[in-house]
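Residue numbers (the numbering used here), protein chains in the order written: chain A, 644 to 1039; chain B, 644 to 1039. Glycine residues also receive a C-beta, built at the ideal position from the N, C-alpha and C atoms. For reference, the structure discussed in these notes is given below.
This is how it looks when you write it as structure tokens:
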């Protein structure tokens, strides 16, 4: 009945649904204030007030036919020009509107880029731990995801493993920086190392190998940490950005692709991405939201809110004996499971009404992901439960 | 560099872009009021005032985290329930929220449905003339589009040709009713005939054959014409709807799929479509617009505006000797080209500053499409040009 490829996805999905269902049942039974749900990556800080103000202004002053109508599939040229200017002022790049394609979130953008460049059987690399959806994105367009094992001591990409993984059919490397689920920012040194490996391999095989940089968390960084802008380090880079986290608009599906002039055969790649946007059925990014983000490029989410949670949870959990890299970005902590099988720990946490995601959901077992995009109360009130778990699993 | 499959699309696209470019150059040279652009299918009637009012109310009264946030990938349950109730009251169906998936327009919905059901090599049928993008939609998911030749005397689907076209690998038939580009509404008799052929063939081959009914023009009908609701005639029907034309919101990318309980293995098909929505990168339909359409289901576009254009153009052109079926729906007329090669006629029309689309762009050469979603002035002022073309090609 359904496509054969969809069968395993459908049966797998019911497991995820079951997990959500458990959370809901728990909240209904114990009261949602007594369930500590650290399982979701959904911003809980509201969109900046300016978002609503801009929407109202647009409704009052723009022609509705233009505001809600079709535009070029790449997006409104004025919005694309504003995004290019904003990137240039922040990262010293030299983009114009012709380097920007408005997309249905970063997920939509990544699919357009993969559709544009992937031939059946091409290999798409990514570093574990990673957002498992990348596997589906690659498969949508005939690509095969190949994961590169994690360096669990630093969660920086393992360059030796990268060198071994790249082959003649490698079409792209997806990186996610700051990283979900580790919260780690790939350093400039790491980025330079990745660029060097890929440049050498491009020469060796006479191929083009793209970096697809998935950057929804770019603006979610703490203590002034910097996230290198990858187009400056490697020519064949396509950046996928989303306003989901920065402006707390995940449901609105608004983002963009950056395709620098330095990409080989830039015009063709750009055009292929625009066509992919059209034929995959996106057609264009939602029109009103394009205009909105164009006016909100200097707006910031309340990063202090997330930073407070990070400090609270990191300090408390490491004090209890949990091992974890202090995250510099995103709103995740990736904690070493005190039980060898992290699913055992996830289940034990459930008994404390604490919901976590097993690392195996990110191709990195032995760890659990904690999303701290929750209220301060949820963080604070979860600590006694974490303490009991520490006592139980770490022996005192 | 780019995927091999994208190469022809990219070179083909530059032809379409050239056409748009010509229109722009013409408008700049002669003044846009002196160019009669009948080439686009973009509503020129503004969205109902209620759309803006609802947006403002939502911004004032809803929690922004919920309004702009993630929801189940199928869409907000309350919006889906409202859509189901609206369909039930209008068509006597028995849908619930569990039959509705909110999608990124009808194009997004069709891609989700095709992803859900298509195995590589499956055949997807459609009746010419048709929206050529269907070929890309099928190919995205490994399907092969097979077109069924048109009956140019009525532009109703040719049932004998359908019978011959259906084979053991036929997975779906895409129909578009009211039809772009013909403006014809498939009659109840036609629909019953299609259902009979497909039911017989399902039995013969022991397969499931879906109707994918692409219905963005459902509400754009004239003189009280009725568009049969296809789920009532054929069990394995999936409907793809868009608010693009009804509410003049084409840029907002908002629509839905209907997957009735009667579809074989309904739950699995529904689930596969929801997963396709997620993994193709749509994730969910834009959240604010979901809420908006949920409050605007009884709103109507100014159909009288389009009806006036239809009558004006149909009466004037047939009076001049052009041959055309009087359209009952959508905002298109499909006119028999008075030159054997319709591209010759399209080029001659350009000299009169009249922009039309050749029928070969809909797999039906010998005809041209005129989109009358333009101002009344554009219609009226184009008539002298059409008269000169009639004199030139039809000899007096």
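Query raised in the report: Taking just the CA atoms, how far does residue 839 of chain B sit from residue 851 of chain B?
Result: Here residue 851 of chain B is taken as the residue at index 208 of the second chain, counted from 1. Here residue 839 of chain B is taken as the residue at index 196 of the second chain, counted from 1. Computed Cα separation, rounded: 14 Å.
Query raised in the report: So with Cβ pairs under 8 Å, would you call residue 761 of chain B a contact of chain A?
Result: Stepping through the second chain from its first residue, residue 761 of chain B is reached at position 118. Judged by the 8 Å Cβ criterion, residue 761 of chain B is in contact with chain A.
Query raised in the report: Start and end of the alpha helix (DSSP H) containing residue 936 of chain A?
Result: In the first chain, residue 936 of chain A corresponds to position 293, counting from 1. Taken as a continuous stretch (DSSP letters only), the alpha helix (DSSP H) holding residue 936 of chain A covers 930–938.
Report task. Kindly indicate which three-state DSSP category residue 1116 of chain A falls into: helix, strand or coil? Result -> Past the boundaries of the shown model lies residue 1116 of chain A; chain A is included only from 644 to 1039, so the question cannot be answered.
**Report entry** Pick from A:877, A:706, A:795 that is closest to residue 832 of chain A, judged by C-alpha positions
**Finding:** In the first chain, counting from the first residue as 1, residue 832 of chain A sits at position 189. Ranking the options by Cα distance to residue 832 of chain A, first place goes to A:877.
Query raised in the report: According to DSSP, which residues form a beta bridge with residue 746 of chain A?
Result: Walking along the first chain from the start, residue 746 of chain A turns up at place 103. DSSP output for residue 746 of chain A lists A:898 as bridge partner(s).
Report task. Give the residues of chain A in contact with residue 926 of chain B, contact being defined as C-beta atoms less than 7 Å apart. Result -> Position 283 of the second chain, counted from the first residue, corresponds to residue 926 of chain B. Those within 7 Å of residue 926 of chain B in chain A are 748, 750, 896.
Query raised in the report: Looking only at C-alpha atoms, which of A:679, A:688, A:650, A:675 sits nearest to residue 889 of chain A?
Result: Your numbering for residue 889 of chain A matches position 246 in the first chain. If we check each option's Cα against that of residue 889 of chain A, A:688 comes out closest.
**Report entry** Opposing strand residues paired with residue 1012 of chain B [DSSP bridges]
**Finding:** Working through the second chain from its first residue, we reach residue 1012 of chain B at position 369. Paired residue(s): B:977, B:1000.
Query raised in the report: Closer than 7 Å, Cβ to any Cβ of chain A: which residues of the segment 897–926 of chain B, in chain order?
Result: 907, 908, 911, 912, 914, 915, 918, 922, 923, 924, 925, 926
Query raised in the report: From the beta carbon of residue 652 of chain A, is the nearest beta carbon of chain B less than 8 Å away?
Result: The residue labelled residue 652 of chain A in the question sits at position 9 within the first chain. So, interface residue.
Query raised in the report: Can you name, in chain order, every residue of its own chain whose Cβ lies under 7 Å from the Cβ of residue 714 of chain B, other than the five neighbours on each side?
Result: Your numbering for residue 714 of chain B matches position 71 in the second chain. Closer than 7 Å at Cβ, skipping near neighbours: 927, 930.
**Report entry** Whole runs of the beta strand (DSSP E) within the segment 850–916 of chain A, excluding any shorter than 3 residues
**Finding:** 853–857, 880–885, 898–901
Report task. Compute the Euclidean distance between the alpha carbons of residue 943 of chain A and residue 795 of chain B, then round it to the nearest angstrom. Result -> Translated into the one-based positions of the first chain, residue 943 of chain A becomes position 300. Translated into the one-based positions of the second chain, residue 795 of chain B becomes position 152. C-alpha separation (whole angstroms): 58 Å.
Query raised in the report: Is there at least one Cβ from chain A nearer than 8 Å to residue 711 of chain B's Cβ?
Result: For this step, residue 711 of chain B is matched to residue 68 along the second chain. Taking Cβ atoms only, chain A reaches closer than 8 Å to residue 711 of chain B, which makes this a yes.
Query raised in the report: Any beta-carbon of chain B closer than 8 Å to the one on residue 662 of chain A?
Result: Residue mapping note: residue 662 of chain A aligns to position 19 of the first chain, counting from 1. Not an interface residue.
Report task. Can you tell me which of A:693, A:961, A:705 puts its alpha carbon nearest to the alpha carbon of residue 690 of chain B? Result -> Your numbering for residue 690 of chain B matches position 47 in the second chain. For residue 690 of chain B, the nearest C-alpha among the options comes from A:705.
**Report entry** Classification of residue 731 of chain B by the beta-carbon crowding that lies within 10 angstroms, buried from 16 upward
**Finding:** As a working mapping, residue 731 of chain B is identified with position 88 in the second chain. Exposed, since its Cβ has fewer than 16 Cβ neighbours within 10 Å.
Query - Beta bridge counterpart(s) of residue 788 of chain A as assigned by DSSP - result: Residue 788 of chain A sits at position 145 when you count from the first residue of the first chain. Beta-bridge pairing links residue 788 of chain A to A:767.
Requested in this report: Measuring only between beta-carbons, confirm whether residue 891 of chain A sits less than 8 Å from chain B.
Outcome: Residue 891 of chain A sits at position 248 when you count from the first residue of the first chain. Cβ-Cβ to chain B under 8 Å: yes for residue 891 of chain A.
Query raised in the report: Between which two residues does the alpha helix (DSSP H) harbouring residue 838 of chain B extend?
Result: Taking the first residue of the second chain as position 1, residue 838 of chain B is located at position 195. Note, residue 838 of chain B: alpha helix (DSSP H), 831–848.
Requested in this report: In the DSSP assignment, find the alpha helix (DSSP H) that holds residue 923 of chain A and state where it starts and stops.
Outcome: In the first chain, counting from the first residue as 1, residue 923 of chain A sits at position 280. It is not in any alpha helix (DSSP H) - residue 923 of chain A carries neither H nor E in the DSSP assignment.
Query raised in the report: Do residue 1006 of chain B and residue 771 of chain B have their C-beta atoms closer together than 8 Å?
Result: If you number the second chain from 1, residue 1006 of chain B lands on position 363. If you number the second chain from 1, residue 771 of chain B lands on position 128. A contact, by the Cβ cut-off of 8 Å.
Query raised in the report: How would you write the range of the alpha helix (DSSP H) that residue 693 of chain B sits in, first residue to last?
Result: By 1-based counting over the second chain, the position of residue 693 of chain B is 50. Taken as a continuous stretch (DSSP letters only), the alpha helix (DSSP H) holding residue 693 of chain B covers 692–704.
Query raised in the report: When we look at the beta-carbon of residue 861 of chain A and count the other beta-carbons within 10 Å, is it buried (16 or more) or exposed?
Result: Stepping through the first chain from its first residue, residue 861 of chain A is reached at position 218. It counts as buried.
**Report entry** Within 8 Å of chain B by C-beta, residues of the segment 767–781 of chain A in sequence order
**Finding:** 776, 779, 780
Query raised in the report: Does the beta carbon of residue 695 of chain A sit closer than 8 Å to a beta carbon anywhere in chain B?
Result: In the first chain, counting from the first residue as 1, residue 695 of chain A sits at position 52. Output row for residue 695 of chain A: interface = yes.
Query - Exposure of residue 849 of chain A, with buried meaning 16 or more beta-carbon neighbours within 10 Å - result: Counting from 1 along the first chain, the entry for residue 849 of chain A is found at position 206. With fewer than 16 Cβ atoms within 10 Å of its Cβ, residue 849 of chain A is classed as exposed.
Query raised in the report: Looking only at its own chain, which residues have a Cβ that is under 7 Å from the Cβ of residue 879 of chain B, when we skip the five neighbours before and after it?
Result: Locating residue 879 of chain B in the second chain gives position 236, where the first residue counts as 1. These residues qualify, in order along the chain: 851, 852, 853, 854, 906, 907.
Query raised in the report: Is the shortest distance between the beta-carbon of residue 857 of chain B and the beta-carbons of chain A less than 8 Å?
Result: Numbered from its first residue, the second chain carries residue 857 of chain B at position 214. No, no contact with chain A.
Query raised in the report: Can you find a CB in chain B that lies within less than 8 Å of the CB of residue 827 of chain A?
Result: Your numbering for residue 827 of chain A matches position 184 in the first chain. Cβ-Cβ to chain B under 8 Å: no for residue 827 of chain A.
Query raised in the report: What residues in its chain sit with their C-beta under 7 Å from that of residue 917 of chain B, if we drop five residues either side in the sequence?
Result: The sequence position of residue 917 of chain B within the second chain is 274, counting from 1. Taken in chain order, the residues that qualify are 716, 717, 744.
Query raised in the report: Once you ignore the five residues that flank residue 805 of chain A on each side, which residues in its own chain have a CB closer than 7 Å to its CB?
Result: Taking the first chain and counting its residues from 1, one reaches residue 805 of chain A at position 162. The answer, listed in chain order, is 791, 837, 840.
Report task. With DSSP as the reference, label residue 813 of chain B as helix, strand or coil. Result -> In the second chain, the residue the question calls residue 813 of chain B occupies position 170. Correct three-state label for residue 813 of chain B: strand.
Report task. Could you tell me whether the Cβ of residue 851 of chain B comes closer than 8 Å to any Cβ of chain A? Result -> The sequence position of residue 851 of chain B within the second chain is 208, counting from 1. Taking Cβ atoms only, chain A reaches closer than 8 Å to residue 851 of chain B, which makes this a yes.
Query raised in the report: Whose Cβ in chain B lies nearer than 9 Å to the Cβ of residue 753 of chain A?
Result: As a first step, residue 753 of chain A must be located in the first chain, where it is residue number 110. The answer, in chain order, is 924.
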